[in-house]
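Peer 1: Handing you a structure now.
Number of protein chains: 2
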Amino acid sequence: MTTTYTGPAPADFTDVRATNLAVVLDYVRTNAPCSRADIAASTGLNKATVSSLVGELIERRLLRETGMTERRIGRPATMIVLDGAPYAAIGLDVGTDQLTVIAVDLGGEHLLAWRRAFTGRGATPGRSVAAIAALARRALGRLADQGRQVLGLTVGVGGLVDPDGVVRIATGLDWRDVPLRDSLVRALGAPDYPVTVDNSANLAVLAEHRYGPYAGTPDLAYLTSGPGVSAGIVAGGRLLRGAGGYAGEIGHFVVDPGGPECSCGRRGCLEAVAGVGALIRRLAGTEPAGDLEPEVAGIVRRARAQEPKTLAALHEAGRHLGHGASLLANLVNPSVVILGGHYVPLAPWILPTAGEALDTLVVAPQPPGAGLVASALGHDAAAVGGAAAVLDAVEAGRLPLPTA
Amino acid sequence: MTTTYTGPAPADFTDVRATNLAVVLDYVRTNAPCSRADIAASTGLNKATVSSLVGELIERRLLRETGMTERRIGRPATMIVLDGAPYAAIGLDVGTDQLTVIAVDLGGEHLLAWRRAFTGRGATPGRSVAAIAALARRALGRLADQGRQVLGLTVGVGGLVDPDGVVRIATGLDWRDVPLRDSLVRALGAPDYPVTVDNSANLAVLAEHRYGPYAGTPDLAYLTSGPGVSAGIVAGGRLLRGAGGYAGEIGHFVVDPGGPECSCGRRGCLEAVAGVGALIRRLAGTEPAGDLEPEVAGIVRRARAQEPKTLAALHEAGRHLGHGASLLANLVNPSVVILGGHYVPLAPWILPTAGEALDTLVVAPQPPGAGLVASALGHDAAAVGGAAAVLDAVEAGRLPLPTA
DNA sequence: TCCTTTTGTTTGTAGATCCAACAAAACTGT
DNA sequence: ACAGTTTTGTTGGATCTACAAACAAAAGGA
Numbered sequence: 001m002t003t004t005y006t007g008p009a010p011a012d013f014t015d016v017r018a019t020n021l022a023v024v025l026d027y028v029r030t031n032a033p034c035s036r037a038d039i040a041a042s043t044g045l046n047k048a049t050v051s052s053l054v055g056e057l058i059e060r061r062l063l064r065e066t067g068m069t070e071r072r073i074g075r076p077a078t079m080i081v082l083d084g085a086p087y088a089a090i091g092l093d094v095g096t097d098q099l100t101v102i103a104v105d106l107g108g109e110h111l112l113a114w115r116r117a118f119t120g121r122g123a124t125p126g127r128s129v130a131a132i133a134a135l136a137r138r139a140l141g142r143l144a145d146q147g148r149q150v151l152g153l154t155v156g157v158g159g160l161v162d163p164d165g166v167v168r169i170a171t172g173l174d175w176r177d178v179p180l181r182d183s184l185v186r187a188l189g190a191p192d193y194p195v196t197v198d199n200s201a202n203l204a205v206l207a208e209h210r211y212g213p214y215a216g217t218p219d220l221a222y223l224t225s226g227p228g229v230s231a232g233i234v235a236g237g238r239l240l241r242g243a244g245g246y247a248g249e250i251g252h253f254v255v256d257p258g259g260p261e262c263s264c265g266r267r268g269c270l271e272a273v274a275g276v277g278a279l280i281r282r283l284a285g286t287e288p289a290g291d292l293e294p295e296v297a298g299i300v301r302r303a304r305a306q307e308p309k310t311l312a313a314l315h316e317a318g319r320h321l322g323h324g325a326s327l328l329a330n331l332v333n334p335s336v337v338i339l340g341g342h343y344v345p346l347a348p349w350i351l352p353t354a355g356e357a358l359d360t361l362v363v364a365p366q367p368p369g370a371g372l373v374a375s376a377l378g379h380d381a382a383a384v385g386g387a388a389a390v391l392d393a394v395e396a397g398r399l400p401l402p403t404a
Numbered sequence: 001m002t003t004t005y006t007g008p009a010p011a012d013f014t015d016v017r018a019t020n021l022a023v024v025l026d027y028v029r030t031n032a033p034c035s036r037a038d039i040a041a042s043t044g045l046n047k048a049t050v051s052s053l054v055g056e057l058i059e060r061r062l063l064r065e066t067g068m069t070e071r072r073i074g075r076p077a078t079m080i081v082l083d084g085a086p087y088a089a090i091g092l093d094v095g096t097d098q099l100t101v102i103a104v105d106l107g108g109e110h111l112l113a114w115r116r117a118f119t120g121r122g123a124t125p126g127r128s129v130a131a132i133a134a135l136a137r138r139a140l141g142r143l144a145d146q147g148r149q150v151l152g153l154t155v156g157v158g159g160l161v162d163p164d165g166v167v168r169i170a171t172g173l174d175w176r177d178v179p180l181r182d183s184l185v186r187a188l189g190a191p192d193y194p195v196t197v198d199n200s201a202n203l204a205v206l207a208e209h210r211y212g213p214y215a216g217t218p219d220l221a222y223l224t225s226g227p228g229v230s231a232g233i234v235a236g237g238r239l240l241r242g243a244g245g246y247a248g249e250i251g252h253f254v255v256d257p258g259g260p261e262c263s264c265g266r267r268g269c270l271e272a273v274a275g276v277g278a279l280i281r282r283l284a285g286t287e288p289a290g291d292l293e294p295e296v297a298g299i300v301r302r303a304r305a306q307e308p309k310t311l312a313a314l315h316e317a318g319r320h321l322g323h324g325a326s327l328l329a330n331l332v333n334p335s336v337v338i339l340g341g342h343y344v345p346l347a348p349w350i351l352p353t354a355g356e357a358l359d360t361l362v363v364a365p366q367p368p369g370a371g372l373v374a375s376a377l378g379h380d381a382a383a384v385g386g387a388a389a390v391l392d393a394v395e396a397g398r399l400p401l402p403t404a
């Protein structure tokens, strides 16, 4: 007899324990090194409870005591830090022209960061999946050599990804309905850690939410461009996924009905007027294929040289991007909209006009410092975000087994 | 010593209890009448635990046993239902031309539904607040006569409302920075139940989420028009508020750059091309002031008579509205976008073109039945949503005191 | 009349937090 | 040098809650 009740889930002692373990873990992550007394005072948990929680986390090798102590009056505190050694979280980003894999420990320290050339478009999905799995296996091997237990692997793809890890549409890769998660699970031999697939922009905003200058801000939006334009949104402290997992599709929002033609058949989509691919097409005259980075570097060079045509194109793209950002700002009201991906090197020329457009189009009163900023995390944001997603899951209660 | 830690909140036994009380309450609400055994079987809670929880809820007069029993083999069950008598939740919507107050019991049964003419524009905010308070007092008096305890009062306003209940901007009322919540609390004599203020569209989508045909769907968007156009979004089962509480501002999204002028100074805002106010201006030729309902009724009459100009205008408004809805669909990916407010009577002529526009503009694969629908809740949605907000708070743990 | 079935309570157990008291380990002052 | 102060972290007991299993209650069926 299957129950069809889908309302709120009942709670239980293990939930209380899991919640409080996560609270302690989160506190140590953001305030390390700290003492048990600090944790108790700041979180409101009882000292005895904190001792018990810290004890369990040490036993599970998530935390570690250091010999460090502060020179103060009173009994010296035994300081607690995250235990960097035993675990690793892996994020892997599938770009059109390269694969990026990043592994971090609990504290966010990079354990490895590899890039590999990759021909996303042109190869069959099967070959691409094999290449992705091969890179993942290499990273897994390295981490196994270090004696680390893998907490999870999250793969980012620029496209529509459903909750089962099937890539519905990824124009940059020419993929349709590719069951990436299942394929990877099979290729990696049905590992015991969770393997998930998500949209790259979703992962990038998770990276910002955990490691960026606005870390912990409950409402963030992230706007990025590979070949297309896509948004990731954190609202109320959680990733906004939507009913099918397809939230954040801003690329085909029409900002300029008379503008250039878009790959979707319409005219003046945000992607077509302010996407990095479109910028390259307009400024370099070449069809953007393969690695976009040198092309972007070329644009930066010409902008630095004050080339009028380049500056004008960037300013106009900025205006349109500000228009797109205003949509996010008005609909979701984030504390800040972060520009990422290839926009970051172009930010000095894009941001002024984009910020101006945003300010005139946003309805709500904006606190000072709100608005539009460039990401400080660099190109690996999506891969880092994949690792962040794994750590989010761990902190949400999926703790690794004790001494497993 | 103020703690500055803002991470996840520690849990406690009382949280477990509150959660499980809410689970039982929610189950009975959606499955009444039901027995203790039903609850245990469906929620997974232990029979003994359910007995304890139901006992407490009966003691607090939120549930009630009925004599009813089912004729089956085995010991007959004592059926449980929501206790309709002791409590009331009040929602009050402030329109430009009328006030609506609704009171419901725990089960959503309407206890009263009053409308009153109201001159929002023109009167000073002080006078308007006095009128709102007067209507609330009348409703409170009626409920007190019935011996009901008030669980809360939520007031909806069409405009930007910050988390403290200050109405930052409400163009329909000509308000700026009106501290409505504080004023009401004072006018009602600092009552012991919570008084809150929220955006009308936010409340309307809460009403849909609780009482509409899509009740319980975790991702919903609501698009409504008074004089302006505004959206309310439920994402991941929770209302999307944003950093400042200003989410859902879709009215000044530019859908037609060459279109008619908008009150905001730009051209072709969604509000200016598809707002009900703009429709009236175009079709009736009159400046929409005061009650919009008869004007809308006039448009419906002319549409029924197949008047070409009216039909064309509605179809065009529908196209633009579909464009606006596509933004919501692409950015937030709700299961469905619900058209509310004055759009409901116009839906037969708006929906076809709007749905068509939406379908061509939405990027994500849509499951059948998704898309655009007209609200089934009627004009009182925002007021009902105010009451729903109160009940949400109760079910989130703010249970009334036992025998208070 | 006895058995079966289902309901709801009772009784005891386990787990987790909290409180208060205490022990431990430093610094401080005479 | 030594007691007093201050802060840390642990220990034992009380409390609260959910759970499991046995049991009592109330019907229908044979």
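Protein chains in written order, with full-length UniProt numbering: chain A, 1 to 404; chain B, 1 to 404. Ideal placement from N, C-alpha and C gives every residue a C-beta, glycine not left out.
For a cutoff of 7 Å on Cβ pairs, would you count S335 of chain A as touching chain B?
Peer 2: yes
Peer 1: Quick one, which residues of the UniProt domain "HTH marR-type" (24-65) of chain A are near chain B if we go by CB-CB under 8 Å, in chain order?
Peer 2: Within the UniProt domain "HTH marR-type" (24-65) of chain A, the qualifying residues are D26, Y27, T30, N31, A41, S42, T43, G44 and L45.
Peer 1: How many angstroms separate the CA atom of K309 of chain A from the CA atom of G95 of chain A?
Peer 2: Answer to the nearest angstrom: the Cα atoms are 29 Å apart.
Peer 1: In whole angstroms, what is the alpha-carbon distance linking G245 of chain B and G141 of chain A?
Peer 2: 47 Å
Peer 1: Report the rounded CA-to-CA distance for I73 of chain A versus G55 of chain A, giving the unit in angstroms.
Peer 2: 25 Å
Peer 1: For H323 of chain B and L135 of chain A, what's the separation of their Cα atoms in angstroms?
Peer 2: Those two C-alpha atoms are separated by around 42 Å.
Peer 1: By Cβ distance, which residues of its chain are closer than 6 Å to A357 of chain A, with the 5 residues on each side in sequence left out?
Peer 2: R319, G322 and H323
Peer 1: Using CA coordinates, which residue listed in A:P10, A:L111, A:I350 and A:A393 is at the minimum distance from L311 of chain A?
Peer 2: A:I350
Peer 1: Enumerate, from N- to C-terminal direction, the unbroken alpha helix (DSSP H) stretches of 4 or more residues contained entirely within the stretch 153-214 of chain B.
Peer 2: Fully enclosed alpha helix (DSSP H) runs of 4 or longer: 180-187 and 200-211.
Peer 1: Are any of the Cβ atoms in chain B nearer than 7 Å to that of L106 of chain A?
Peer 2: no
Peer 1: Answer yes or no: does any C-beta atom of chain B fall closer than 7 Å to that of T171 of chain A?
Peer 2: T171 of chain A does not count as touching chain B.
Peer 1: Using the C-alpha atoms, what's the distance from D83 of chain A back to R60 of chain A?
Peer 2: 10 Å
Peer 1: Can the beta-carbon of residue 408 of chain A be found less than 7 Å from the beta-carbon of Y222 of chain A?
Peer 2: There is simply no residue 408 of chain A to check, as chain A begins at 1 and stops at 404 in what is shown.
Peer 1: Please decide whether R168 of chain A counts as near chain B, where near means a Cβ-Cβ distance under 7 Å.
Peer 2: With 7 Å as the cut-off, R168 of chain A counts as an interface residue toward chain B.
Peer 1: Enumerate, from N- to C-terminal direction, the unbroken alpha helix (DSSP H) stretches of 4 or more residues contained entirely within the stretch 306-351 of chain A.
Peer 2: List check, alpha helix (DSSP H) in window: 308-332.
Peer 1: Given this structure, state the Cα-to-Cα distance separating V101 of chain A from E271 of chain B, to the nearest angstrom.
Peer 2: 46 Å
Peer 1: Using only the alpha-carbon positions, how far apart do T154 of chain A and A247 of chain B sit?
Peer 2: Cα to Cα, the separation comes out at about 30 Å.
Peer 1: Buried or exposed for T3 of chain A, going by 16 or more other Cβ atoms inside 10 Å?
Peer 2: Confidence in T3 of chain A is poor, its pLDDT being 48 and thus under 50, which makes the residue's placement unreliable; the coordinate value appears in the next sentence. Classification for T3 of chain A: exposed.
Peer 1: Could you pull out every unbroken beta strand (DSSP E) segment of at least 3 residues lying fully inside the stretch 44-78 of chain B, listed in chain order?
Peer 2: 63-65
Peer 1: Apart from the five residues just before and just after A388 of chain B, which ones in its own chain have a Cβ nearer than 6 Å to its Cβ?
Peer 2: L206, A207 and R210
Peer 1: How is G95 of chain A classed by DSSP in three states: helix, strand or coil?
Peer 2: Here G95 of chain A sits in coil by DSSP.
Peer 1: Compute the Euclidean distance between the alpha carbons of S42 of chain A and P8 of chain B, then round it to the nearest angstrom.
Peer 2: Cα-Cα distance, rounded: 12 Å.
Peer 1: Give the DSSP-derived three-state secondary structure of A370 of chain B in the structure shown.
Peer 2: coil
Peer 1: Quick check: the Cα distance between A123 of chain A and A297 of chain A, rounded to an integer number of angstroms?
Peer 2: A direct Cα-Cα distance of roughly 26 Å separates A123 of chain A from A297 of chain A.
Peer 1: Note the first and the last residue of the continuous beta strand (DSSP E) segment covering I80 of chain A.
Peer 2: I80 to L82
Peer 1: The alpha helix (DSSP H) spanning L270 of chain B covers which residue range?
Peer 2: L270 to A274
Peer 1: Specify, as a first and last residue, the run of the beta strand (DSSP E) that Y222 of chain B falls within.
Peer 2: In the DSSP assignment, Y222 of chain B falls within the beta strand (DSSP E) that extends over L220 to S225.
Peer 1: Please report how far the alpha carbon of V229 of chain A lies from the alpha carbon of A201 of chain A, in whole angstroms.
Peer 2: 9 Å
Peer 1: Between D97 of chain A and G120 of chain A, how many whole angstroms is the CB-CB distance? I'm expecting something under 8 Å.
Peer 2: 7 Å
Peer 1: Please list, in chain order, the residues of the stretch 247-266 of chain A that have any C-beta partner in chain B closer than 7 Å.
Peer 2: A247, G248, E249, I250, H252, F253 and P257
Peer 1: For A305 of chain A, count neighbouring C-beta atoms within 10 Å of its own C-beta (all shown protein chains included) and say buried if the count is 16 or more, exposed if not.
Peer 2: exposed
Peer 1: Establish whether the CB of V332 of chain B and some CB of chain A are separated by less than 7 Å.
Peer 2: yes
Peer 1: Quick check: is the beta carbon of P125 of chain B nearer than 7 Å to any beta carbon in chain A?
Peer 2: no
Peer 1: Identify whether Y87 of chain A lies in helix, strand or coil by the three-state DSSP scheme.
Peer 2: strand
Peer 1: Going by DSSP in three states, A404 of chain B sits in which element: helix, strand or coil?
Peer 2: Reliability of the predicted coordinates at A404 of chain B is poor, the pLDDT of 44 falling under 50, and the value obtained from them is presented with this limitation in mind. Correct three-state label for A404 of chain B: coil.
Peer 1: I need the straight-line Cα distance from A404 of chain B to L143 of chain B, nearest angstrom please.
Peer 2: Any answer about A404 of chain B is weak, because its pLDDT of 44 lies below 50 and its placement is not dependable; what the coordinates show is given next. For A404 of chain B and L143 of chain B, the distance between alpha carbons rounds to 16 Å.
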